[in-house]
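Scroll down for the structure; my scribbles are underneath it.
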Amino acid sequence: MRVTHSGRTVEVQNGETVLDALLRSGENIPYSCKAGSCQSCRMRVVSGSVPEAAQVGLKETLRAQGYFLACSCRPDGDIEIESDIQVQSVVGVVRARDRVGEDVLRIRLEIDDELDYAAGQFVSLVRSDGLARAYSLASIPGDPSLELHVRRMPGGRMSGWIHESLGVGDAVSLRGPFGSCFYVPGRPDQRLILAGVGTGLAPLLGIARDALARGHEGPVDLFHGALVSGRLYGVDVLRNLERCHRPFRYHACALNESQGDPETLRVGAISDIVLSSVKETLATSRVFLCGDPGFVNDLRKRLFLAGASMQEIHADPFTPTGSTTDAN
Ligand SMILES: Cc1cc2nc3c(=O)[nH]c(=O)nc-3n(C[C@H](O)[C@H](O)[C@H](O)COP(=O)(O)OP(=O)(O)OC[C@H]3O[C@@H](n4cnc5c(N)ncnc54)[C@H](O)[C@@H]3O)c2cc1C
Ligand code: FES
């Protein structure tokens, strides 16, 4: 099997993905999770066809136009492909970096061009050596800068570099936007349930602010979980949002806490807390889940079994690069 891209033809070895074949041949193709989850490697087939598995997770309209994920594509015939023309590339200059949690940095980036994104989507941050990782946007369109929350992973190449070396005034490349976990206006009385752990807060914060800015009137419940309360971050921002917007409620959740002030802290597993708090209205609610893939996939299943509609559950699992985690 051969794949032709930008006038060059590359042999795809047995069982190899299009992404790996192009990378092996020295092409600079953006990617992040290599697991069909982040969409950073989205491309378009110009002639020939791609297997169904290469289009899992893409919207019907994109599938019809021939878009596919290069990291999930093991072609069964020769194909010609092109880069994704819908994806924008911008340069972001770091204007602020603040430690907002024990291992979380908030980065504010000023970009050199408009980025047409929806709050809750994510971008691929590309280092000058080609290393790329997905980071969710905590900002909303109209904010003066893009906001990212980056958790430092032990031994993490990109997050370690961001924490240690990326300084104010430095520039990085960004590609995107990607993802379909965002607020779509309509049904302003519906209850919104947002739940996340760790930096899963970043897209949820964007989605909540966006919904409120668009006049959402139904309850907006944001659940943020950590092992202990000291590892929760963004508490002031969320409490402030609560003060300024009547429909918004922030639920801080900590797993390993001996006791909490019931006014400000819920103690226990965040999934159990979410389920027990929203059970009655689940069938008519819209749900957003972000962060650790184990948490997202488990809660998605439990909410569905408890009566939520699958169409109303929007999820962004932060699948690590090279993981075989099933994001569906
Ligand atoms: C759609 C999407 C959105 C994302 N948004 C954010 C975000 O807003 N903020 C953020 O901090 N991260 C986010 N991520 C995760 C991010 O893309 C990187 O995976 C993360 O920063 C680690 O990259 P790294 O290069 O530092 O680690 P790597 O060098 O890739 O990995 C180092 C080690 O850590 C392990 N590892 C990496 N990630 C995890 C994990 N999540 N859980 C357990 N082990 C892990 C790896 O398996 C490896 O052993 C998102 C991912 C996706 C797919
Ligand atoms: S979907 Fe292909 S690299 Fe993430």
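Number 327 marks the last residue of the sequence shown (numbering that gives the first Met the number 0); no jumps. Think of the CB as a built atom: it goes at the ideal place given N, C-alpha and C, for glycine as much as any other residue.
Nearest-angstrom Cα separation, counted from residue j out to residue i
{"i": "residue 240", "j": "residue 208", "result": "8 Å"}
{"i": "residue 85", "j": "residue 51", "result": "21 Å"}
{"i": "residue 204", "j": "residue 76", "result": "44 Å"}
{"i": "residue 79", "j": "residue 87", "result": "22 Å"}
{"i": "residue 211", "j": "residue 282", "result": "22 Å"}
{"i": "residue 223", "j": "residue 127", "result": "34 Å"}
{"i": "residue 267", "j": "residue 314", "result": "22 Å"}
{"i": "residue 4", "j": "residue 90", "result": "25 Å"}
{"i": "residue 11", "j": "residue 318", "result": "25 Å"}
{"i": "residue 312", "j": "residue 112", "result": "32 Å"}
{"i": "residue 57", "j": "residue 19", "result": "20 Å"}
{"i": "residue 108", "j": "residue 95", "result": "7 Å"}
{"i": "residue 328", "j": "residue 249", "result": "The structure shown does not extend to residue 328, since the chain is modelled only from 0 through 327, so no value can be given for it."}
{"i": "residue 27", "j": "residue 33", "result": "15 Å"}
{"i": "residue 149", "j": "residue 198", "result": "7 Å"}
{"i": "residue 219", "j": "residue 246", "result": "6 Å"}
{"i": "residue 221", "j": "residue 192", "result": "6 Å"}
{"i": "residue 25", "j": "residue 242", "result": "53 Å"}
{"i": "residue 143", "j": "residue 106", "result": "13 Å"}
{"i": "residue 287", "j": "residue 233", "result": "18 Å"}
{"i": "residue 138", "j": "residue 320", "result": "24 Å"}
{"i": "residue 0", "j": "residue 54", "result": "19 Å"}
{"i": "residue 327", "j": "residue 167", "result": "Interpretation of residue 327 is limited by its pLDDT of 30, a score under 50 that renders its predicted location unreliable; no figure is taken from the coordinates."}
{"i": "residue 37", "j": "residue 9", "result": "24 Å"}
{"i": "residue 176", "j": "residue 97", "result": "24 Å"}
{"i": "residue 21", "j": "residue 104", "result": "33 Å"}
Collapsed DSSP secondary structure at residue i in the structure displayed
{"i": "residue 42", "result": "strand"}
{"i": "residue 59", "result": "helix"}
{"i": "residue 97", "result": "strand"}
{"i": "residue 314", "result": "strand"}
{"i": "residue 2", "result": "strand"}
{"i": "residue 171", "result": "strand"}
{"i": "residue 145", "result": "strand"}
{"i": "residue 183", "result": "coil"}
{"i": "residue 293", "result": "helix"}
{"i": "residue 54", "result": "helix"}
{"i": "residue 228", "result": "helix"}
{"i": "residue 37", "result": "coil"}
{"i": "residue 71", "result": "helix"}
{"i": "residue 126", "result": "coil"}
{"i": "residue 194", "result": "strand"}
{"i": "residue 8", "result": "strand"}
{"i": "residue 288", "result": "strand"}
{"i": "residue 151", "result": "coil"}
Residue j beta carbon less than 8 Å from that of residue i
{"i": "residue 270", "j": "residue 235", "result": "no"}
{"i": "residue 189", "j": "residue 214", "result": "no"}
{"i": "residue 39", "j": "residue 172", "result": "no"}
{"i": "residue 41", "j": "residue 65", "result": "no"}
{"i": "residue 114", "j": "residue 134", "result": "no"}
{"i": "residue 16", "j": "residue 82", "result": "no"}
{"i": "residue 227", "j": "residue 253", "result": "yes"}
{"i": "residue 289", "j": "residue 185", "result": "no"}
{"i": "residue 29", "j": "residue 131", "result": "yes"}
{"i": "residue 145", "j": "residue 110", "result": "yes"}
Where the beta strand (DSSP E) containing residue i begins and where it ends
{"i": "residue 107", "result": "103-110"}
{"i": "residue 223", "result": "219-225"}
{"i": "residue 84", "result": "Run containing residue 84: none; DSSP gives neither H nor E here."}
{"i": "residue 331", "result": "The chain is shown only over 0 to 327; residue 331 falls outside these bounds and no answer can be derived."}
{"i": "residue 135", "result": "131-135"}
Endpoints, alpha helix (DSSP H) assigned at residue i
{"i": "residue 206", "result": "200-212"}
{"i": "residue 243", "result": "234-243"}
{"i": "residue 269", "result": "269-277"}
{"i": "residue 162", "result": "156-163"}
{"i": "residue 20", "result": "17-23"}
Residue i Cβ short of 7 Å to ligand 3 heavy atom set
{"i": "residue 135", "result": "In the structure shown, ligand 3 is absent; the only ligands present are ligand 1 and ligand 2."}
Distance between beta carbons of residue j and residue i, contact taken as under 8 Å
{"i": "residue 118", "j": "residue 67", "result": "Not a contact, Cβ separation roughly 26 Å."}
{"i": "residue 265", "j": "residue 101", "result": "So it is not a contact: roughly 20 Å between Cβ atoms."}
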